[in-house]
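Residue numbers (the working numbering): 909 to 1354.
Note sheet for the following structure.
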């Protein structure tokens, strides 16, 4: 197999490119801060950069002659609505749906909470109300759409012939299959009456200005929250292919919906504008700047890393070991950063999201290698469906687990990384951050 070399380390070609970034800054020599303090400060810097209160206001459009209606969906959408209210300076109303516990104290925009990652009736009712509100808007009016990751589950309106139970079953099967988010949302668009541009179509001649906080590699707004205001370029045959590829077994009537004659993609009559206002790249850049200020040498793997969590962890471990074997010429600690979205193909019965699984696999790959510490967290504060954002590991993690009677390899086989980190008291629990640009990973080589 063709390989490329970086810093004496052979890497498989085709993996994310490695960017080495350095700056003349003070070097850690004595009294180094705790690795955990450093890693957590890097994560905090990333979160701050993509906080809706920091990035929404500068992207707001001009006020319309008529009414302004705010509609939104996603884990960051409530805080996006709060940012709009703080900056708008004029009359507005609206409806935004977010995950349970991710709300914000808005005065003019109604915040509804619904199920994620599996949809529920609250999301169905919110979607119907959104379409009804959109249909009241006229040519002098503005619909300000606030879209972020998680919206695919949060506004759920089954296509004709389907029920919410059908969508739940498909959702659960997709989540367990390890399907890429692009593929999951492609299927969701074709089983929905609001996604794939259908919300924008309902707005008629009103202007629709969409602000997007992206949680998907590549930052395609048609993929984020399944693009409720972005026309869909795919077709039902593409969705059927996804089902086949991931061996998703669904009832015949669900397949029947995807086998109907193809209709033209929905388009509204008014002006349409879509702006991606925050991404994983933004979070990574902020963390890199903070790392430079701390005097670290930074190796960035980029913000679009994808693949099975446990396999991505092995690659990160190999890079970290290679760097440790060839210390920097000036003695600075090194930092590996990456973002993006990994996946987990669920085979066991345990608990834990993709960041927790990454950390357990990383610990096993490193086998207690001295001087390497790691943090991996989801920027929305929720790793999978658990109560933690992610966690830490250090060179003693496996030994500490063994002393507690834990069999780390068996836990990984059972997709039970949560139990591993919880037993070590190494979970990171932030609560909902009310933003969402997906995974953040940092390996510190001290």
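Note that CB positions come from ideal geometry on N, CA and C, so glycine has one too.
Three-state secondary structure assigned by DSSP to residue i
i: residue 1099; result: coil
i: residue 930; result: With a pLDDT of 44 at residue 930, under the threshold of 50, the predicted position of this residue should be treated as unreliable, and no value is reported.
i: residue 1334; result: coil
i: residue 1285; result: strand
i: residue 998; result: coil
i: residue 1321; result: helix
i: residue 1246; result: strand
i: residue 1156; result: coil
i: residue 1316; result: helix
i: residue 1347; result: strand
i: residue 1148; result: helix
i: residue 1208; result: strand
i: residue 960; result: helix
i: residue 1290; result: coil
i: residue 1037; result: helix
i: residue 1065; result: coil
i: residue 1213; result: strand
i: residue 990; result: helix
i: residue 1352; result: strand
i: residue 1007; result: strand
i: residue 1200; result: helix
i: residue 935; result: Confidence is the limiting factor: at residue 935 the pLDDT is only 47, short of 50, which leaves the residue's position unreliable, though a coordinate-based value still follows. It is coil, neither helix nor strand.
Limits of the alpha helix (DSSP H) - the one that residue i falls within
i: residue 1224; result: 1217-1233
i: residue 1050; result: Looking at the DSSP string, residue 1050 is not in any alpha helix (DSSP H); the run it does join, the beta strand (DSSP E), is 1050-1056.
i: residue 1078; result: 1072-1085
i: residue 1265; result: 1262-1274
i: residue 1059; result: 1059-1062
i: residue 1109; result: 1106-1110
i: residue 1306; result: 1305-1311
Limits of the unbroken beta strand (DSSP E) element including residue i
i: residue 1180; result: 1180-1186
i: residue 1301; result: 1298-1301
i: residue 1116; result: 1115-1121
i: residue 948; result: Run containing residue 948: none in the beta strand (DSSP E); it sits in the alpha helix (DSSP H), 943-957.
i: residue 1020; result: 1017-1022
i: residue 980; result: 976-981
Nearest to residue i (by Cα), restricted to the options the options
i: residue 1011; options: 1275, 982, 943, 1140; result: 982
i: residue 958; options: 1301, 1245, 1257, 1192; result: 1192
i: residue 1035; options: 963, 1354, 1133; result: 1133
i: residue 1301; options: 1286, 1314, 1232, 1269; result: 1269
i: residue 1306; options: 1129, 1048, 1226, 1329; result: 1329
i: residue 972; options: 1000, 1203, 990, 1165; result: 1000
i: residue 975; options: 1046, 967, 1013, 1017; result: 1046
i: residue 1340; options: 1136, 1297, 945; result: 1297
i: residue 1363; options: 1002, 998, 987, 1347; result: Outside the displayed range of the chain (909 to 1354) lies residue 1363, so it cannot be described from this structure.
i: residue 946; options: 1347, 1316, 1304, 1282; result: 1282
i: residue 1334; options: 1313, 1218, 1309, 1352; result: 1309
i: residue 984; options: 1234, 1159, 1187; result: 1187
i: residue 1219; options: 1243, 1311, 1086; result: 1086
i: residue 962; options: 969, 1105, 991, 1200; result: 991
i: residue 1155; options: 1082, 1127, 1224; result: 1082
i: residue 1152; options: 1041, 1078, 1194; result: 1078
i: residue 1332; options: 993, 1140, 1314; result: 1314
i: residue 1345; options: 1184, 1241, 1279; result: 1184
i: residue 1364; options: 1088, 1013, 1352; result: The question about residue 1364 has no answer, for the chain in this structure spans 909 to 1354.
i: residue 1075; options: 1293, 1271, 1161, 1303; result: 1161
i: residue 1022; options: 1095, 1058, 979; result: 1058
Cβ separation of residue i and residue j, assumed to be a contact under 8 Å, to the nearest whole Å
i: residue 1392; j: residue 1097; result: Lying outside 909 to 1354, the shown extent of the chain, residue 1392 is not represented and no answer is given.
i: residue 955; j: residue 1287; result: 6 Å
i: residue 1337; j: residue 1295; result: 6 Å
i: residue 1032; j: residue 1064; result: 5 Å
i: residue 1246; j: residue 1205; result: The Cβ separation is near 16 Å, so there is no contact.
i: residue 1118; j: residue 1165; result: Contact doesn't hold; Cβ gap of about 26 Å is too wide.
i: residue 1104; j: residue 1146; result: Their Cβ separation, rounded to whole angstroms, is 12 Å, which puts residue 1104 and residue 1146 out of contact at 8 Å.
i: residue 1127; j: residue 1056; result: Not quite, the Cβ-Cβ distance comes to about 12 Å (not below 8 Å), so this is no contact.
i: residue 1002; j: residue 989; result: 7 Å
So does the stretch 1249-1261 actually touch the stretch 1316-1331, counting three or more Cβ pairs closer than 8 Å? Taking one beta carbon from each stretch, the stretch 1249-1261 and the stretch 1316-1331 have 3 or more pairs nearer than 8 Å; the two touch.
Can you confirm whether the stretch 1262-1276 touches the stretch 1243-1252 when touching is taken to mean that 3 or more C-beta pairs between the two stretches lie within less than 8 Å? Here the stretch 1243-1252 lies against the stretch 1262-1276, with 3 or more beta-carbon pairs under 8 Å apart.
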